[in-house]
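> Here it is, the structure in full.
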Amino acid sequence: MTAAKAPQHLFTTMLARVRAAAAPLAGKADLSRVVVEPPRDASHGDMATNAAMVLAKDAGKKPRELADAIAEALRSEPLVAKVDVAGPGFINLTLKSHVWGEELRVILDSGADYGRSTMGANEKVNVEYVSANPTGPMHIGHCRGAVFGDALANLLVFAGYDVTREYYINDAGAQVDVLARSAFLRYREALGEAIGDIPEGLYPGDYLIAVGKELADEYGPSLKDKPEAEQLRIVRDRAVDMMMAEIRNDLMSLGVVHDVFFSERSLIEGKDQVGATIAELRKSGEVYEGRLPPPKSGNVEDWEDREQTLFRSTGFGDDVDRPLLKSDGGYTYFASDIAYHRSKIDRGFLKMIDVWGADHGGYIKRMQAAVKAVSGGKAALDVKLVQLVRLLRAGEPVKMSKRSGDFVTLREVVDEVGRSAVRFDMLYRKNDAVLDFDLAKVIEASRDNPVFYVQYGHARAQSVFRNARTEMPDLPDTGAARAALFKSAAFDRLSDEGELSLLRKLALYPRLIEAAAAAHEPHRVAFYLYELASEFHGQWSRGKDLPHLRFIIQNDPETTKARLALVQGIVTILASGLALLGVEAPDEMR
RNA sequence: GCGCUGCUAGCUCAGCUGGAUAGAGCACCAGACUUCGAAUCUGGGGGUCGGGGGUUCGAAUCCCUCGCAGCGCGCCA
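For the first sequence, my numbering begins at 813 and goes up steadily by one.
If you want it as structure tokens, here you go:
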């Protein structure tokens, strides 16, 4: 999408006009704090601006006085019908009524592109999410990060960023060695050996049985004769590959697809990028040999005060400097992660977003410090933490124990309640708040279940079109064709307060997209959709009591057409928002 | 002890980065189905925004402080 096609939506247009009107009156004051927003109370008009209050001090004027002056200047704006000054200096704008109809025409024209923004200016953004260890199938805890990251990526694309979706495969640490040993046991089992109980410290899950079997099929007993290092390497590689295939399948079931799967091991094997990164940081003085104070908690028995290789993260706001080398000479996870983020920067990403589980919160400062150090302050890393998910069924906790290998997998949940329910429910909450996921509730068909409520709104709107054929027998059945037809509707027929309110709500969508994208908060889209659906259901029901407010009016094709145009606008945006969240927009739900 | 994240109606949660009288859903009470999907809608009661200070025209939002909860605080990943 080119900049020339950048649709200026109503709020950005008015913001520019307000700033233009205020500039000559406000002296050197900073206009960036001026906002144009929908007022809390609809009786205040269509839009409100804080310009006078924000600028008064720098302009050396009283807020009300400045407000009056700006208001006067705004009265000549072509879109504006009425300007009021209220309260401490709010300027309330009422737009000419035809503005809303024209915005609806824009919606019909743009279709699925309505709300698309050029805010991101095609800037490259790397969104890293999931990155679950390849040591087993995904469980419900991974799910939230997957859905969140995916929706955030969708949102950023829609807001005009050049997004790469990335998965970091932790295939180099001690955990994959454990995986290899666990899988080797299953391999022996597959060859007919009695292995007894899985020893403490190895992964007991049944999911490794298939790995053992495949190894047995391919190698027969020959692996047992190889040196241990080679045994483990072969088993490890196979196990990781099979686990990753499993994970990709799980992600697919959620509709989550990554562009890049980045192997941690690739940073070490071949040319040692971790070592190179450390050397580089040592040159710039960010890495040094030194000692650390003993840890503040946990068991300090095995703490050994020794000189080690440290990253000076305290220079960037971290609490303590962080080790890069283990006592066995291997790199710490952190060291690899620095090299990994440097690789992102090398690949042109100055904007990075990592989605982590809340238990990694303590890791943020050091990673941001590292990103600053490695990029010379040019790159920025935002870390979004997704909080714990508590799995419930009808209010009762679903038991799960990862240690026994008997945990609820992502796949089981998706198979039970469906992709849309999982996704919407996980997104209908701020990422940093704990989430109760109730398997019984998410498939409930009621207003209490937001997924259903929004999807039902979409289905109900489609149902209106199905019924409209009685009045308009030649009504096309594709959205695009209907939109083309409705563009010529007489929008001034949309004069009922409920209809106008819906039009205003629709016009808010582009602004919402930009705000949600800027804040990296896809949940705002979910809440907006719920509100839009709610207004639509309300208007629909009003027609139940007051037949003249129905969308389909017998023997009045003009009014019917205008109202169907509104419904088309609603369908367009419900579908657009649901698509961003990765949730299906069904045409019927009977 | 330190850090991070939370704390908003009885319950589950929003609150658009500092705006006007703090909003939804559930639950509760009272209503609306011969006709566009009642899987819905309309109205009502319900608040010390965890407590206390501060910043300013203005604070749920920013700062300080205290309390509560979860997570983290080794060369694990």
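Note that CB positions come from ideal geometry on N, CA and C, so glycine has one too.
Using 8 Å as the threshold, is the C-beta distance between residue 822 and residue 1329 below it?
Within the first sequence, the letter at position 10 stands for residue 822. Within the first sequence, the letter at position 517 stands for residue 1329. No. Outside cutoff.
> What span of residues does the beta strand (DSSP E) with residue 1164 cover, start to end?
Mapped onto the first sequence, residue 1164 falls at position 352. Per DSSP, residue 1164 belongs to the beta strand (DSSP E) from 1163 to 1169.
> Taking C-alpha atoms, which residue in 1062, 1040, 1027, 1032 lies nearest to residue 1051?
Counting from 1 along the first sequence, the entry for residue 1051 is found at position 239. Measuring from the Cα of residue 1051, the nearest candidate turns out to be 1027.
> State the DSSP-derived secondary structure class of residue 820, mapped to helix, strand or coil.
Counted from its first residue, the first sequence places residue 820 at position 8. Residue state, collapsed to three classes: coil.
> I need the straight-line Cα distance from residue 1165 to residue 888, nearest angstrom please.
Taking the first residue of the first sequence as position 1, residue 1165 is located at position 353. Taking the first residue of the first sequence as position 1, residue 888 is located at position 76. Looking at the two C-alpha atoms, the distance is approximately 44 Å.
> Roughly how many angstroms separate the alpha carbons of residue 1222 and residue 976, rounded to a whole number?
Here residue 1222 corresponds to residue number 410 of the first sequence, with the count starting at 1. Here residue 976 corresponds to residue number 164 of the first sequence, with the count starting at 1. So the alpha carbons of these two residues sit roughly 24 Å apart.
> Spatial neighbours of residue 1192 within its chain, please: CB distance less than 8 Å, with the 5 preceding and 5 following residues excluded, ordered by chain position.
The residue labelled residue 1192 in the question sits at position 380 within the first sequence. The residues are 1162, 1163, 1164, 1183.
> Let me make sure I understand the geometry here. Which of 1225, 1346, 1254 has the alpha-carbon closest to that of residue 1272?
The residue labelled residue 1272 in the question sits at position 460 within the first sequence. Closest option to residue 1272, Cα to Cα, is 1346.
> Residues in its own chain within less than 6 Å of residue 829 by CB, not counting five upstream and five downstream?
Residue 829 sits at position 17 when you count from the first residue of the first sequence. Around residue 829: 889.
> Which residues mark the beginning and the end of the beta strand (DSSP E) in which residue 1144 is found?
Locating residue 1144 in the first sequence gives position 332, where the first residue counts as 1. Premise fails: residue 1144 is in no beta strand (DSSP E) and is neither H nor E.
> I need the boundaries of the alpha helix (DSSP H) containing residue 1343, first residue and last residue.
Position 531 of the first sequence, counted from the start, is the residue given in the question as residue 1343. It spans 1335 to 1357 - the alpha helix (DSSP H) in which residue 1343 sits, taken as one unbroken run.
> Taking the C-alpha atoms as reference points, what is the distance between residue 834 and residue 1187?
As a first step, residue 834 must be located in the first sequence, where it is residue number 22. As a first step, residue 1187 must be located in the first sequence, where it is residue number 375. Cα-Cα distance, rounded: 39 Å.
> Is residue 980 helix, strand or coil by DSSP?
If you number the first sequence from 1, residue 980 lands on position 168. Strand, per DSSP.
> Within the same chain, show all residues whose beta-carbon is closer than 7 Å to that of residue 1065, passing over the 5 residues directly before and after it, in chain order.
Here residue 1065 corresponds to residue number 253 of the first sequence, with the count starting at 1. The residues are 1223, 1226, 1231.
> Tell me, to the nearest whole angstrom, how far the beta carbon of residue 1336 is from that of residue 1324; I am working on the premise that it is less than 8 Å.
Counting from one through the first sequence, the residue named residue 1336 turns up at place 524. Counting from one through the first sequence, the residue named residue 1324 turns up at place 512. With 8 Å as the limit, residue 1336 and residue 1324 qualify as a contact, their Cβ atoms being about 6 Å apart.
> May I ask you to report which of helix, strand or coil DSSP gives residue 1332?
Here residue 1332 corresponds to residue number 520 of the first sequence, with the count starting at 1. Of the three classes helix, strand and coil, the one that applies to residue 1332 here is coil, per DSSP.
> Apart from the five residues just before and just after residue 1068, which ones in its own chain have a Cβ nearer than 6 Å to its Cβ?
Along the first sequence, read from residue 1 onward, the residue named residue 1068 stands at position 256. Closer than 6 Å at Cβ, skipping near neighbours: 958, 962.
> Tell me, please, whether the stretch 975 to 995 touches the stretch 1354 to 1368 by the rule of three or more beta-carbon pairs shorter than 8 Å.
With a cut-off of 8 Å, the stretch 1354 to 1368 and the stretch 975 to 995 do not count as touching, because too few Cβ pairs lie within range.
> Suppose you measure from the CA of residue 1194 to the CA of residue 860; what does that come to, to the nearest Å?
Counted from its first residue, the first sequence places residue 1194 at position 382. Counted from its first residue, the first sequence places residue 860 at position 48. Each residue's Cα considered, the two are about 31 Å apart.
> With a cut-off of 8 Å on the beta carbons, I'd call residue 1197 and residue 1244 a contact; round off their distance for me.
Residue numbering aside, residue 1197 sits at position 385 when the first sequence is read from its first letter. Residue numbering aside, residue 1244 sits at position 432 when the first sequence is read from its first letter. About 6 Å separates the two Cβ atoms, so the contact holds.
> What separation, rounded to the nearest whole angstrom, lies between the Cα atoms of residue 1275 and residue 1199?
As a working mapping, residue 1275 is identified with position 463 in the first sequence. As a working mapping, residue 1199 is identified with position 387 in the first sequence. Between residue 1275 and residue 1199, the C-alpha separation is close to 38 Å.
> Tell me whether residue 912 is buried or exposed, calling it buried when 16 or more other Cβ atoms sit within 10 Å of its Cβ.
Locating residue 912 in the first sequence gives position 100, where the first residue counts as 1. Looking at its Cβ environment, which holds 16 or more other Cβ atoms inside 10 Å, residue 912 is buried.
> Return the first residue and the last residue of the alpha helix (DSSP H) that residue 1052 is part of.
Along the first sequence, read from residue 1 onward, the residue named residue 1052 stands at position 240. Run containing residue 1052: 1040 to 1066, per the alpha helix (DSSP H) assignment.
> Per DSSP, which residues does residue 1134 bridge with? Please list them.
The residue you call residue 1134 lines up with position 322 of the first sequence. The partner list for residue 1134 (beta bridge, DSSP) reads 1123.
> What are the boundary residues of the alpha helix (DSSP H) that includes residue 953?
Within the first sequence, the letter at position 141 stands for residue 953. Taken as a continuous stretch (DSSP letters only), the alpha helix (DSSP H) holding residue 953 covers 952 to 970.
> Do residue 1013 and residue 1047 come within 8 Å of each other at the CB atom, strictly closer than that value?
The residue labelled residue 1047 in the question sits at position 235 within the first sequence. The residue labelled residue 1013 in the question sits at position 201 within the first sequence. No, Cβ-Cβ distance for residue 1047 and residue 1013 is not below 8 Å.
> So, is residue 1267 buried or exposed, given that buried needs 16 or more other C-beta atoms within 10 angstroms?
Position 455 of the first sequence, counted from the first residue, corresponds to residue 1267. Result: buried.
> Let me know if residue 1070 comes out buried or exposed under the rule of 16 or more other beta-carbons within 10 Å of its beta-carbon.
Within the first sequence, residue 1070 is the residue found at index 258, counting from 1. Residue 1070 is buried by the Cβ-count criterion.
> Answer yes or no: the CB of residue 1064 versus the heavy atoms of the ligand ATP, is any distance below 7 Å?
The model on display carries no ligand, and the ligand ATP is accordingly not part of it.
> Mapping DSSP to helix, strand and coil, what is residue 1390?
Within the first sequence, numbered from 1, the residue matching residue 1390 stands at position 578. Residue 1390: helix per DSSP, three-state reduction.
> For the alpha helix (DSSP H) holding residue 1237, just list the boundary residues, first then last.
Here the question's residue 1237 lines up with position 425 in the first sequence. That run of the alpha helix (DSSP H) goes 1231 to 1239.
> What does residue 904 pair with, by DSSP beta-bridge criteria?
Taking the first sequence and counting its residues from 1, one reaches residue 904 at position 92. BP columns for residue 904 point to 860, 896.
> Nearest to residue 863 by CA position, among 892, 932, 832, is which residue?
Position 51 of the first sequence, counting from 1, holds the residue named residue 863. The candidate whose alpha carbon is nearest that of residue 863 is 832.
> Can you have a look at residue 1007 and say buried or exposed, based on whether 16 or more other CB atoms are within 10 angstroms of its CB?
For the purposes of this step, residue 1007 is taken as the residue at position 195 of the first sequence. Its Cβ having fewer than 16 others within 10 Å, residue 1007 is exposed.
> Could you say if the stretch 1292 to 1304 and the stretch 1153 to 1160 meet the contact criterion of at least three C-beta pairs nearer than 8 Å?
No, they do not touch.
> Going by C-alpha to C-alpha distance, which of 1178, 1158, 1177, 1176 sits closest to residue 1190?
For the purposes of this step, residue 1190 is taken as the residue at position 378 of the first sequence. For residue 1190, the nearest C-alpha among the options comes from 1158.
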